[in-house]
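Worksheet for the structure shown next.
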Amino acid sequence: MICFAAFTPHTPLLLPTIGRDALEHMKATKGAMDRLAEDLYLAMPDTVIVLSSHSVQFEKAFSLNLHDEYAADMSEFGDLTVHRTFKPDLGFIDALQRAVRRQGIPLALNSSGRLDHGTSVPLLTLAERIGRVRIVPVSYSGLGPKEHFAFGRALKEVIMHSPRRIALVASGDLSHCLTSDAPSGYRREGAVFDELARQAVEGVSSAKLLSASSELIAAASECAYRPLLMLFGALDHMNVRPEILSYEAPFGVGYMVAEFHLS
Numbered sequence: 235m236i237c238f239a240a241f242t243p244h245t246p247l248l249l250p251t252i253g254r255d256a257l258e259h260m261k262a263t264k265g266a267m268d269r270l271a272e273d274l275y276l277a278m279p280d281t282v283i284v285l286s287s288h289s290v291q292f293e294k295a296f297s298l299n300l301h302d303e304y305a306a307d308m309s310e311f312g313d314l315t316v317h318r319t320f321k322p323d324l325g326f327i328d329a330l331q332r333a334v335r336r337q338g339i340p341l342a343l344n345s346s347g348r349l350d351h352g353t354s355v356p357l358l359t360l361a362e363r364i365g366r367v368r369i370v371p372v373s374y375s376g377l378g379p380k381e382h383f384a385f386g387r388a389l390k391e392v393i394m395h396s397p398r399r400i401a402l403v404a405s406g407d408l409s410h411c412l413t414s415d416a417p418s419g420y421r422r423e424g425a426v427f428d429e430l431a432r433q434a435v436e437g438v439s440s441a442k443l444l445s446a447s448s449e450l451i452a453a454a455s456e457c458a459y460r461p462l463l464m465l466f467g468a469l470d471h472m473n474v475r476p477e478i479l480s481y482e483a484p485f486g487v488g489y490m491v492a493e494f495h496l497s
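Position 9 of the sequence shown, counting from 1, maps to 243 under this note's numbering, and the rest follow consecutively.
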């Protein structure tokens, strides 16, 4: 069963050892992540599935990372002090790969002991108080929006047949072009995309996401669209109450934290 569902940013600035003074400009985001961490702890998950946009990606297939142990660290950002290991949920990974292949959804397995920051940041910030939780790292593909929604629906079927308590976290930052000093410079499509994403989350509206033009998505310079589609597929036809806990863009990048309360 799904016991928790959320959408989070994955900027390493959320970690105090990296963010430092920058966290003063991200108080809303940090506060929202702290609340999510408390809610995740209370949900008592056995497994956390992370839908990431920075793991191994294939143009024509979704990707599952299968390894005997994963390391979450921030060494690529110059921080050697943060380190935690996680074990995979082997049974769930096997069930998922069988299910999606039965439905004709292309899937590839990769094996990396080191987690990408799109997976690591949510785990390090949200699961700090949770002990022996197992994880399932999933990466999106170069396939189209409808395929990502379909993958999410297949994921939901496996979750609903699992006896384990499963938390689902979609990881992504919104537009990277909201201001002139943003990582991708300024483009007006950035704010348009962020507003579309916010409206889609408020209404749990897959239709709104699926109706977005490919030109808008490309121009917005984002890494949240496909993880959101996968999340919405997994929540399809479920009774959920969305809550946007925070949205801010202190560095020209949109950070949204949202929780989907399950009835």
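Cβ coordinates follow ideal geometry from the N, Cα and C atoms, glycine included.
Cα separation between residue i and residue j?
| i | j | result |
| --- | --- | --- |
| Asp255 | Phe485 | 13 Å |
| Ala266 | Phe241 | 11 Å |
| Leu300 | Leu285 | 14 Å |
| Ser214 | Ala453 | In the structure displayed, the chain extends from 235 to 497; residue 214 sits before or after that span and is not available. |
| Ser440 | Ala431 | 10 Å |
| Gly253 | Tyr374 | 27 Å |
| Pro250 | Gly406 | 19 Å |
| Ala434 | Leu389 | 20 Å |
| Gly419 | Val290 | 26 Å |
| Pro353 | Met308 | The sequence given here places Thr at residue 353; Pro does not occur at that position. Distance between the alpha carbons of Thr353 and Met308 is about 11 Å. |
| Arg318 | Val282 | 15 Å |
| Thr263 | Glu482 | 7 Å |
| Asp280 | Leu496 | 17 Å |
| His395 | His471 | 16 Å |
| Ser346 | Phe326 | 18 Å |
| Pro356 | His410 | 19 Å |
| Leu276 | Leu343 | 32 Å |
Please state if the CB of residue j and the CB of residue i are separated by a distance shorter than 8 Å.
| i | j | result |
| --- | --- | --- |
| Pro379 | Leu444 | yes |
| Ala361 | Phe238 | no |
| Gly376 | Phe466 | no |
| Leu469 | Phe494 | yes |
| Phe292 | Tyr304 | no |
| Pro322 | Arg366 | no |
| Ala271 | Arg363 | yes |
| Leu408 | Phe383 | no |
| Leu450 | Glu477 | no |
| Val438 | Val474 | yes |
What three-state label does DSSP hand residue i in the structure shown?
| i | result |
| --- | --- |
| Tyr275 | helix |
| Lys294 | coil |
| Val487 | coil |
| Arg348 | strand |
| Met267 | helix |
| Leu430 | helix |
| Pro322 | strand |
| Ser375 | coil |
| Glu477 | strand |
| His317 | strand |
| Arg366 | coil |
| His408 | For the sequence presented, residue 408 should be read as Leu rather than His. Coil. |
| Tyr459 | helix |
Can you tell which of the options has the C-alpha that lies nearest to the C-alpha of residue i?
| i | options | result |
| --- | --- | --- |
| Ala404 | Gly424, Ser497 and Arg460 | Arg460 |
| Val487 | Met235, Ile393 and Thr245 | Thr245 |
| Leu349 | Leu341, Ala342 and Leu358 | Leu358 |
| Met278 | Arg318, Met235 and Arg422 | Met235 |
| Ser297 | Val438, Gly347, Gln331 and Ala492 | Gln331 |
| Pro417 | Val392, Cys457, His395 and Glu436 | Cys457 |
| Val316 | Leu247, Glu258, Arg421 and Phe326 | Leu247 |
| Asp302 | Leu324, Lys442, Ser287 and His259 | Leu324 |
| His351 | Gly312, Arg269, Leu276 and Leu341 | Gly312 |
| Arg335 | Ala306, Glu381 and Arg421 | Glu381 |
| Pro340 | Lys294, Leu314 and Val370 | Lys294 |
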